[in-house]
Structures are given as structure tokens and as C-alpha cells.
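Read the structure below first, then the notes.
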Amino acid sequence: MELFEAIERRHSYRGPMLNEGVPRSDLVRIVQAGIQAPSGYNAQITTFVVVDDADTLARLGAIDPQCGVLQQARAVIACIVPRGPTPGDSRLFFGAEDCSAATENMLLAITALGYASVWLEGWLRLGNHEAAVADVLGVPKERAVKVLLPLGRPARVESQHPKLPWAARAWFGRFGGEAP
Ligand SMILES: Cc1cc2nc3c(=O)[nH]c(=O)nc-3n(C[C@H](O)[C@H](O)[C@H](O)COP(=O)(O)O)c2cc1C
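In terms of the numbering used here, the numbers along the sequence shown are unbroken and rise by one, the last being 548.
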């Protein structure tokens with residue numbers, strides 16, 4: 369799939385998944401797209417755990433039976449960052465930014481390969497969800513689980529949430545300036 373088509377087709381999918389697993393060769397390509405994202409100081413502090421076995425998927429799903437996307441997921445990719453500063457400058461914390469760059473790369477790769485997913489981050493911040501996920505995945509206390517990507521082959525055709533028009537969000541020259 370061409371890059372701009374993947375950007376347009378990527379959407380947050382929370383519907384049912386087909387009952388088929390995601391081959392490891394595809395999971396490796398998806399995570400490789402995350403590994404290749406830019407990072408502050410090129411410190412490459414993002415790490416990833418890929419879950420594709422039924423037992424661990426069920427343990428993740430059991431954390432919150434209301435979280436439908438985790439119940440449906442045929443695989444889950446967790447993006448993990450250190451809680452401390454970025455190596456290279458103790459004043460800078462680039463964990464969120466690095467994780468976001470990796471996450472978008474992975475979402476585009478997921479789309480390009482015909483899978484669907486959703487950026488699951490707000491859910492992690494609520495209740496004790498992050499701690500429970502970290503426990504299931506064996507993540508050390510000094511690292512944070514920032515994002516989960518539950519994925520699979522979508523059983524429904526859906527599309528990206530509508531976006532505001534270019535003119536409402538972008539200008540040439542100065543804020544509020546010229547339209548293209
Ligand atoms: C930082 C961030 C956190 C998000 N957290 C969640 C979440 O916890 N649960 C969820 O269902 N969607 C979550 N989303 C997905 C957004 O709801 C979604 O991107 C938005 O509604 C726009 O829809 P689109 O992805 O189809 O363009 C998150 C997205 C971002 C960027």
C-alpha cells in the first residue's frame with residue numbers, strides 16, 4: 369500500500385476481529401517500523417513486547433472485561449519507555465514523544481498490511497490498568513507501559529474519524545495566515 373493511502377486508511381478500529389491469528393512475520397515487520405522511528409538524541413529508548421499467545425492475550429483481556437478491543441485482539445503490541453530522563457541530557461524526558469513516533473509508524477504498517485488497531489493509551493492511565501498490564505508482561509518498575517496496540521484482521525469495514533479541514537488547522541506564513 370502506498371504511504372498516503374495508508375495515512376488516509378488508518379483508523380481507530382474497536383469492532384470485531386476475524387478469528388485468525390497474526391503471523392509472526394507480520395508482527396516483526398510492524399514492530400520493525402516502530403524501531404525505525406526517530407527518537408530524541410537517537411537514544412532509542414522505546415522497547416516493545418509482542419503478545420500473540422492465547423493465554424497471555426486472555427490475561428490482558430481479563431484486566432478489564434469492558435475493554436472490548438482487548439477482548440477482540442488477536443495480538444497486542446506494548447510500547448514501553450523508561451520513566452527517567454533520556455540518556456544524553458538529564459533535563460529531557462522524550463519517552464512520550466519517542467513512543468508516539470513509534471506508535472504512528474506501527475499503525476501505518478498495521479494498516480498497510482490489512483490489519484486494524486487502535487492507539488490504546490487513555491485506558492492505560494485509568495485505574496490500575498498500566499500496573500496490571502506491566503505485571504502480566506513482566507515489565508520492570510522503572511519502565512512505563514505507554515501504549516498498547518491491539519490488532520487483528522477487522523471483521524467490519526470502518527473508516528477514519530472525520531478531521532477538521534486544512535484551513536481550520538494549518539496556514540502558510542503565520543498563525544491564522546494564508547490558505548494554500
Ligand atoms: C494519545 C492517544 C490516546 C488514545 N487513547 C485511546 C484509548 O485509551 N482508547 C481508545 O479507544 N482510543 C484511544 N485513542 C484513539 C483516539 O480516540 C482516536 O485516534 C481518535 O478518536 C480519532 O480517530 P481516528 O484514529 O479514527 O482518526 C487514543 C489516541 C491517542 C493519540
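Glycine is no exception: its CB is placed at the ideal position from the N, C-alpha and C atoms.
Counting only the same chain and skipping the five closest in sequence on each side, list residues whose C-beta sits under 7 angstroms from that of residue i.
i, result
"Gly456", "Tyr409 and Ala411"
"Leu425", "Val419, Ala441 and Val444"
"Arg427", "Val504"
"Thr454", "Gly408, Tyr409, Ala411, Ile413, Leu460, Phe461 and Phe462"
"Cys467", "Thr414, Cys447, Val449, Lys514 and Val515"
"Gly383", "Pro522, Ala523, Arg524 and Glu526"
With DSSP as the reference, label residue i as helix, strand or coil.
i, result
"Val486", "coil"
"Gly520", "strand"
"Ser393", "helix"
"Val501", "helix"
"Phe372", "helix"
"Ser468", "helix"
"Arg511", "strand"
"Val525", "coil"
"Thr454", "coil"
"Ile398", "helix"
"Ala536", "helix"
"Ala480", "helix"
If you draw a straight line from the alpha carbon of residue i to that of residue j, how long is it in whole angstroms?
i, j, result
"Pro522", "Met385", "5 angstroms"
"Phe540", "Glu546", "5 angstroms"
"Leu475", "Val486", "8 angstroms"
"Ala469", "Gly402", "8 angstroms"
"Ala379", "Leu438", "Contrary to the premise, residue 379 reads as His rather than Ala in this sequence. Each residue's Cα considered, the two are about 17 angstroms apart."
"Ala374", "Leu481", "9 angstroms"
"Arg511", "Pro548", "43 angstroms"
Short of 8 angstroms in beta carbon distance, which residues of its chain neighbour residue i, apart from the five on each side in sequence? Order them along the chain.
i, result
"Val507", "Val417, Ala446, Ile448, Val501 and Val513"
Could you tell me if residue i is buried or exposed, where buried requires 16 or more neighbouring beta carbons within 10 angstroms of its beta carbon?
i, result
"Pro533", "exposed"
"Ala477", "buried"
"Val396", "exposed"
"Pro450", "buried"
"Asp423", "exposed"
Can you list every residue whose CB sits closer than 6 angstroms to some heavy atom of ligand 1, going in chain order? His379, Ser380, Arg382, Val486, Trp487, Leu488, Glu489, Gly490, Trp491, Gln528 and His529
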